[in-house]
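Inspection log for the structure reproduced underneath, given as structure tokens.
Numbering (my numbering), first residue to last: 3 to 590.
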């Protein structure tokens, strides 16, 4: 079967099991609201109250997780399923009623003399990290009236601007002439032509894309100004010094660790520029690479795989690494955790969802038979392996901060690529290496340009509204600073701020550097594995198990590394630089 099996979650939306759990969820939330209103008005018997809240809240989260995933997963592959859309919305609405209970609980924690006085029960000790994070959040809360007003204003402020920007860019089209015929294509279709084998098509698509943006530039600039301006007002009220401080707190990342990683990235940018200039030379340019050829394919790897061949290949790679990873992937294949192929009504891309109450995962893919399709499956099975290692944890502890959420998935990709390279011919090796380098350059260099851009936007937005020409100028300057001589500065991309949705989340800013952090963290772990061999694997699993119970900067202690020091990160970079040198040697 090519489709996943969701019946272990529920038989159907109309089943007694689903309807019963939905009713139970509503009742448990109402009970918790009444309980918090009555019991959390005083700090008497604080330890028992915290324990009781945790028991009730975990019950609710387990139900919410199962119900929500059933609706979300169904919608992902059946866009026209009205029941799925209806219940997804209903479950979200029911879940939103929890907010007052959580606010009361956080204020209750903040009113205690010390959190230590409630860490006397087993359940509180188990959730100490989670409780400390709730307390941290509580200290940033404003008055109940202010919090309510902010939440209401954002629905017609930041959230509305974000939706508008999404709508106008989704509808945006550009005109391109191919083989003497003019075509009107969506902006995403034009952007996908960056991977075309024909250099003329790549350049024309780039020009058509840039020519399309003026149609929406004013609207999107207004969205940028409104969302960033709104956030600056809110964080000032909450007592943050700057937007980055707020983001780092949200991501459980201290500034020392953050600055160490960014310093290592900056110091190693010349290696990526060397790769870009070499690619430019291979494509016939004398200087830097034009933007439209960033993703130009080099080499050739036309081999296609059936799903059965993909399974066998992945299992053979995993078996060489670890028996548990192999067994988990085998189970995912045999128990139909994976929805493999594209079909009408199924969304694009790929993801892995953790269904924690069942100690299972579900993976949606759009497998096309390519080697890329294999690495994508391996990537998502990495997330499933991370979930598997957290299966015995409480649902509140079975999480990961953004910067390390991709740890096991990227690790799996590297495993697959490393095992493949020695088995293919030179053309295929060049293709695989360059594709990997191209992706890594995006995650390291382009992400750096986005961080530089967003930092400057916040700095200047604090002084006033930014015009379209100013946003374009900031974008170009950020690209020059990050890419340097690696790109031809006559062919950059002044409108990248329009098309990247990450800038327009009202609640999450600097949605860029976690990608670079995740890549380097995972590659650093892989470098340790290469050095230590099988002795590394138990430590790796222990790390995956505990990602929901440590700040990012501290989690390295599990495997004996200090993430505030540069050594680990530089070892990771050295692995990427080695790939660059291998690619250059192969193509010189």
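All C-beta atoms in this analysis are idealised placements derived from N, C-alpha and C, irrespective of residue type, glycine included.
None of these values were measured; they are calculated from a predicted model.
- Scanning its chain for C-beta atoms nearer than 8 Å, with the 5 sequence neighbours on each side dropped, one finds around residue 250 the residues 256, 257 and 260, in chain order.
- Less than 9 Å separates the beta-carbon of residue 112 from that of residue 143.
- When the five nearest sequence neighbours on each side are left out, the beta carbons in the same chain lying within less than 7 Å of the beta carbon of residue 6 are those of 338, 339, 340, 341 and 364, in order along the chain.
- One alpha carbon belongs to residue 135, the other to residue 118, and they sit about 14 Å apart.
- Nearest Cα to residue 400 within the set 79, 544, 230 and 209: 544.
- Per DSSP, residue 8 lies in no alpha helix (DSSP H) and is assigned neither H nor E.
- Within the same chain, Cβ atoms closer than 6 Å to the Cβ of residue 281 are found at 291, the five residues on either side in sequence being excluded.
- Separation of residue 451 and residue 492 (C-alpha to C-alpha, rounded to the nearest whole angstrom) is 17 Å.
- As DSSP reads the structure, residue 184 sits in a beta bridge with 179.
- In this structure, the CA atom of residue 530 is about 43 Å from the CA atom of residue 81.
- DSSP, reduced to helix, strand and coil, places residue 291 within a strand of the structure shown.
- Secondary structure at residue 369: coil, using DSSP grouped into helix, strand and coil.
- Note on geometry: alpha-carbon atoms of residue 461 and residue 224 lie some 17 Å from one another.
- Scanning 336, 201, 253 and 208 for the CA closest to the CA of residue 191 turns up 208.
- Between residue 20 and residue 86, the gap from beta carbon to beta carbon reaches 9 Å or more.
- In terms of CA proximity to residue 309, 370 leads the group 358, 370, 79 and 484.
- One alpha carbon belongs to residue 537, the other to residue 546, and they sit about 16 Å apart.
- In the three-state reduction of the DSSP assignment, residue 356 falls in the strand class, which pools E and B.
- A buried status is given to residue 275, since no fewer than 16 other beta-carbon atoms sit within 10 Å of its beta-carbon.
- Excluding residues up to 5 positions away in sequence, 354 and 411 lie with their Cβ nearer than 6 Å to the Cβ of residue 385 in the same chain.
- For residue 397, the three-state secondary structure derived from DSSP is coil.
- Look at the stretch 373-424 and you find these whole runs of alpha helix (DSSP H), each 4 residues long or longer: 373-391 and 409-422.
- For residue 194, the uninterrupted alpha helix (DSSP H) segment begins and ends at 189-194.
- Non-local beta-carbon contacts of residue 566 in its own chain, meaning distances under 7 Å to residues more than five positions away in sequence, involve 258, 259, 262 and 555 in chain order.
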